[in-house]
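Colleague: Take 1 as the starting number for the sequence shown in the numbering used here and just add one per residue.
The C-beta atom is built at its ideal place from N, Cα and C for all residues, glycine as well.
Note that the coordinates shown come from a computational prediction; the quantities given were computed from them, not determined experimentally.
Here it is, the structure, as structure tokens.
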Amino acid sequence: MPDDQSAIPARDAKRLFAGLAGAPALLLAVSGGPDSVALMWLAARWRRALAQGPRLVAVTVDHGLRPEAAREARDVKRLARSLELPHHTLRWTGPKPGTGVPAAARAARYRLLAQAARKHGATHILTAHTRDDQAETLLMRMLRGSGVAGLSAMARETERDGVLLTRPLLDISKAQLIATLQKARIGFADDPTNRDRTFMRPRLRALMQMLAAEGGDARNLARLAARIARANAALEVLVDGAEHYLALKSEDNSGTGFDAALFAVMPEEIRVRLLKRAIDRVGHEGPAELGKVETLLAAMDEALDGTLGKRESRLKQTLAGAVISIAAGRIRIGPAPPRRARSR
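Here you go:
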């Protein structure tokens, strides 16, 4: 790829969408900002160069949080029309939360995008996350004390609500995308919330300017996230093997029960992941939080410490809609009874 300040040439743009030519349709998430407008323009240029290729459908989500959003959606529609792309505006309706607005808006956006993808027969949703976004995500998760999986930051492709969420610009800087639009003389919107320091990401952007002076620029942070992702993938392979081994030894193919002695001698990271997998598999309250799984494992270790082969160790706890128990030398994990509604 060219340097961070130069436009993306057509020959390099083709590589951004490699592997997507066989899809029946692609949904482009376009807010109107420089990143997503560049995504739409690059994708349209790529599609025109193909003899046959996927249908492209541009979608803008209006969260109803800023009065300018409706005008920005109309601007995207005009640009999409000039690129011969269909465009649809999706609206997040209903009451908005008083706190946690960015997270709620993000959840609503992905829900609406997945619904639109299914409606238009799209197998992939393309978003315009950049290398800068990857670096910010890594910093956010570091500050929150995320584990190895969280520090992998954003993957190039993940499954969400039955649709593949794809980030083709993850190795590209925002500066490159702006340079590309400027060369093509294409305008874009400026969202003032991107500079509103009441939100965490804008504060991190200001912090990154100081980190860059010490070598912690977006390129190096994104490289770190990629290396952590590589380590995380290797750990997952080890966990697959450990899970298979425990199932063979215990003749339990459900993955919800372990021999306590075999489980106890495995490395802590493997045990945390095995435990979380089993809880997430049978629990009915969403994914278990890593910190709570670590606390549970410490309680299990305390229950098992010095008792294996000597006297019966027992434990029973619930987490994320699963019940975890130790009895008769086995760790068992099953669905917890539904919580009773509290009487007023």
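(1) Should PRO381 go down as buried or exposed, given a rule of 16 or more other Cβ atoms within 10 Å for buried?
(2) Take ARG277 as the anchor and find which of ASP301, SER250, ALA242 and LEU262 has the nearest alpha-carbon.
(3) Which residues mark the beginning and the end of the alpha helix (DSSP H) in which VAL265 is found?
(4) What did DSSP end up calling GLU159 once you bin it into helix, strand or coil?
(5) Thinking C-beta only, is GLN134 closer than 8 angstroms to ALA222?
(6) For LEU28 versus LEU126, is the C-beta spacing smaller than 8 angstroms?
(7) Compare the Cα-Cα distances from MET40 to each of HIS87, GLY215 and LYS292 and report the closest residue.
(8) By DSSP's criteria, PHE258 is part of a beta bridge. Which residues make up the other side?
(9) Determine the contact status of LEU322 and PRO335, defining contact as a CB-CB distance below 8 angstroms.
(10) Is SER173 helix, strand or coil by DSSP?
(11) In angstroms with no decimal places, state the Cα-to-Cα distance between ILE261 and GLN52.
(12) With a threshold of 8 angstroms on Cβ separation, who are the neighbours of GLY150 within its own chain once the five nearest residues in sequence on each side are excluded?
(13) Given that a residue counts as buried once 16 or more other Cβ atoms are within 10 Å of its Cβ, and exposed if not, what is GLY309?
(14) For the stretch 4–17 against the stretch 174–184, are there 3 or more C-beta pairs whose distance is under 8 angstroms?
(15) Assign ARG106 to buried or exposed, taking buried as 16 or more other Cβ atoms, counted over all protein chains shown, within 10 Å of its Cβ.
(16) For LEU207, which residues from the same chain have a beta carbon less than 8 angstroms from its beta carbon, with the 5 sequence-adjacent residues on both sides left out?
(17) Just to confirm the assignment: which complete beta strand (DSSP E) runs, minimum length 3, are found wholly within the stretch 10–79?
(18) What are the partner residues of THR166, as DSSP defines its beta bridges?
(19) Between which two residues does the alpha helix (DSSP H) holding LYS119 run?
(20) With 16 as the cutoff for other CB atoms within 10 Å, does SER82 come out buried or exposed?
(21) Consult DSSP for LYS310 and reduce its assignment to one of helix, strand or coil.
(22) Need the endpoints of the alpha helix (DSSP H) that GLN209 sits in, please.
(23) What are the boundary residues of the alpha helix (DSSP H) that LYS316 is part of?
(24) Taking the alpha-carbon positions, what's the ALA226 to LYS14 distance?
Modeller: Let me lay it out:
(1) With the chain covering only 1 through 344, there is no way to say anything about residue 381.
(2) ALA242
(3) Counting along the chain, VAL265 falls outside any alpha helix (DSSP H), and DSSP gives it neither H nor E.
(4) strand
(5) yes
(6) yes
(7) HIS87
(8) ILE331
(9) Position check: residue 322 holds Ala in this sequence, whereas Leu was assumed. Taking 8 angstroms as the Cβ cut-off, ALA322 and PRO335 qualify as a contacting pair.
(10) coil
(11) Correcting the residue identity first, residue 261 is Ala in this sequence and not Ile. ALA261 and GLN52: Cα-Cα distance of roughly 58 angstroms.
(12) ARG141, ARG144 and LEU290
(13) The pLDDT assigned to GLY309 is 46, lower than 50, so where the model puts this residue is not dependable; a value taken from the coordinates is nonetheless given after this. With fewer than 16 other Cβ atoms within 10 Å, it is exposed.
(14) yes
(15) exposed
(16) LEU139
(17) 25–29 and 55–62
(18) LEU126 and GLU157
(19) 101–119
(20) exposed
(21) Caution applies to LYS310, whose pLDDT of 48 falls short of 50 and renders its modelled position unreliable; the model cannot decide the point.
(22) 200–213
(23) Here LYS316 belongs to no alpha helix (DSSP H); instead the beta strand (DSSP E) covers 315–319.
(24) 22 angstroms
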